[in-house]
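Read through the structure below, which is laid out as structure tokens, and then see the notes.
Chains as they are written, first to last, in the numbering used here: chain H, 356 to 593; chain W, 356 to 593.
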């Protein structure tokens with residue numbers, strides 16, 4: 356039954372009702388969209404009020420992790436076991452059209468659903484904190500100073516199992532209703548990319564240090580989604 | 356009392372508890388972060404389950420608007436008066452450090468809180484739908500075909516008043532604890548920009564059409580946040 360293993364179950368929560376041809380439930384696609392990002396937005400509820408908080412995250416298997424100050428309200432509340440929805444979006448293009456209705460955006464997104472928990476075991480927490488660094492910058496956790504006991508205590512690591520998730524992809528060119536191609540409105544697709552600028556080395560860099568191999572992908576002009584996905588494969592293996 | 360007019364009230368909901376030196380409650384800063392974006396993430400709750408949905412949005416005064424299919428679950432539920440949190444984030448840099456704890460990201464973000472409502476009045480709705488196009492592409496609503504009655508009906512326009520909101524900005528270079536500058540780990544700041552690629556004109560462009568002045572800012576290599584903010588000023592005036 357490869358489908359049950361390789362895909363998320365489709366339930367009321369993650370089923371795409373609109374534009375269902377854009378839906379993706381296979382883990383390969385969902386994971387690829389997640390692993391191409393550092394920033395996610397997490398929805399959660401405190402006293403009936405929804406919050407949408409941007410934060411850095413990463414994936415290990417079917418778990419997603421993020422962290423925060425142990426004093427943070429978000430982290431304290433989530434760690435107590437809140438249901439969460441963690442969403443990642445990549446905007447790939449703006450697509451004009453000859454009527455408002457056919458204007459669109461190309462994108463890749465994932466909504467992942469689960470229940471947040473706090474990582475309590477110190478050994479597991481330390482390993483995961485190293486994984487957070489190494490997943491983006493392969494090998495870096497071995498190059499930097501390890502956390503002090505105060506830093507370790509001041510940081511809460513929160514995780515969730517992806518109980519279910521759905522990906523959504525739109526990747527289309529300009530499309531108009533047949534009769535609208537006679538409307539004299541200039542129409543185009545505008546690609547959108549998030550890229551790296553030229554790195555700015557620390558002014559207090561120790562003399563003689565070389566830029567490590569683990570940062571090689573982070574070069575000026577590189578697409579950040581591709582760099583993150585490549586770093587992920589480098590750290591975890593294909 | 357310029358403060359009461361020019362700033363959002365600080366309440367339990369929008370007060371920054373951590374890193375409060377990064378907080379911004381003045382409308383000029385909050386609006387600038389919002390007007391530099393097309394994509395937001397909206398948190399809302401259906402049957403106790405939080406959802407975080409990415410969507411296009413825009414601002415008019417202290418209102419935020421977005422839209423969706425009238426058949427969409429999100430839009431139908433929100434339109435009935437759900438509390439929402441609309442969040443916008445710009446990632447500006449990845450900042451390495453000599454320990455995990457001082458690794459960071461530079462960003463500008465806004466969390467805006469309010470209650471969603473459906474725009475019912477047809478004249479207001481049509482004006483706002485034109486505004487949605489023109490806010491991003493000044494003058495474009497006059498160049499394209501107007502919505503058909505079916506399109507108009509199939510689209511639900513949802514709005515919220517920003518009851519309160521908070522901005523958050525981190526814009527710092529590499530920073531390490533003084534004793535860590537001796538750690539032999541290469542350290543740098545990596546700027547991140549979302550930019551436009553070369554526009555791809557529609558293959559069925561009518562002959563003799565020129566690219567309109569309203570799209571002038573959308574040129575290859577331009578920073579999308581700056582283009583959106585410039586288009587906003589062009590449409591609404593400074």
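Ideal Cβ placement from N, Cα and C applies to all residues, glycine included.
If you're wondering where the values come from, they're calculated on a predicted model, not measured in any experiment.
Extent of the continuous beta strand (DSSP E) to which residue i belongs
| i | result |
| --- | --- |
| residue 504(W) | Not the beta strand (DSSP E): residue 504(W) falls in the alpha helix (DSSP H), residues 504 to 509. |
| residue 469(W) | 459 to 470 |
| residue 404(W) | 404 to 415 |
| residue 615(W) | Beyond the ends of chain W as shown, which are 356 and 593, falls residue 615(W); an answer cannot be given. |
| residue 420(H) | 418 to 424 |
| residue 543(H) | 543 to 551 |
Residue j beta carbon less than 8 Å from that of residue i
| i | j | result |
| --- | --- | --- |
| residue 411(W) | residue 466(W) | no |
| residue 527(W) | residue 450(W) | yes |
| residue 547(H) | residue 549(W) | yes |
| residue 469(H) | residue 439(H) | yes |
| residue 573(W) | residue 545(H) | yes |
| residue 538(H) | residue 463(W) | no |
| residue 542(H) | residue 560(W) | yes |
| residue 524(H) | residue 373(H) | no |
| residue 434(H) | residue 472(H) | yes |
| residue 401(H) | residue 441(H) | no |
| residue 381(H) | residue 517(H) | no |
| residue 454(W) | residue 407(H) | no |
| residue 405(H) | residue 420(W) | no |
Cβ distance (whole Å) where residue i is taken to contact residue j below 8 Å
| i | j | result |
| --- | --- | --- |
| residue 394(H) | residue 393(W) | Wrong, their Cβ atoms sit about 16 Å apart, outside the cutoff. |
| residue 422(W) | residue 490(W) | Going by Cβ atoms, the distance from residue 422(W) to residue 490(W) rounds to 13 Å, so no, they are not a contact pair. |
| residue 529(H) | residue 452(H) | 6 Å |
| residue 386(W) | residue 368(W) | So it is not a contact: roughly 19 Å between Cβ atoms. |
| residue 510(W) | residue 425(W) | 6 Å |
Through-space distance from residue j to residue i, alpha-carbon basis
| i | j | result |
| --- | --- | --- |
| residue 456(H) | residue 581(W) | 25 Å |
| residue 507(W) | residue 540(H) | 20 Å |
| residue 535(W) | residue 384(W) | 34 Å |
| residue 502(H) | residue 482(W) | 55 Å |
| residue 362(H) | residue 522(H) | 11 Å |
| residue 365(H) | residue 569(W) | 43 Å |
| residue 370(H) | residue 377(H) | 11 Å |
| residue 357(H) | residue 571(W) | Reliability fails at residue 357(H), whose pLDDT of 43 lies under 50, so the model's placement of it is uncertain and the value that follows must be treated cautiously. Those two C-alpha atoms are separated by around 50 Å. |
| residue 566(W) | residue 389(H) | 36 Å |
| residue 558(W) | residue 484(W) | 27 Å |
| residue 585(H) | residue 479(W) | 48 Å |
| residue 428(W) | residue 577(H) | 38 Å |
| residue 474(W) | residue 437(W) | 14 Å |
| residue 476(W) | residue 496(W) | 19 Å |
| residue 360(W) | residue 409(H) | 28 Å |
Residue-chain proximity (residue i, chain W), Cβ-Cβ < 8 Å
| i | result |
| --- | --- |
| residue 356(H) | Bear in mind that a pLDDT of 38 at residue 356(H), under 50, signals an unreliable position, so the model cannot answer this. |
| residue 587(H) | no |
| residue 539(H) | yes |
| residue 466(H) | yes |
| residue 542(H) | yes |
| residue 380(H) | no |
| residue 424(H) | yes |
| residue 446(H) | yes |
| residue 366(H) | no |
| residue 387(H) | no |
Span of the alpha helix (DSSP H) around residue i
| i | result |
| --- | --- |
| residue 477(W) | 477 to 491 |
| residue 434(W) | 428 to 434 |
| residue 383(H) | 382 to 390 |
Any C-beta of chain H under 8 Å from that of residue i
| i | result |
| --- | --- |
| residue 527(W) | no |
| residue 377(W) | no |
| residue 584(W) | no |
| residue 506(W) | yes |
| residue 373(W) | yes |
Residue i: CB within 7 Å of a non-hydrogen atom of the ligand SAH
| i | result |
| --- | --- |
| residue 417(W) | The ligand SAH is not part of this structure, which contains no ligands at all. |
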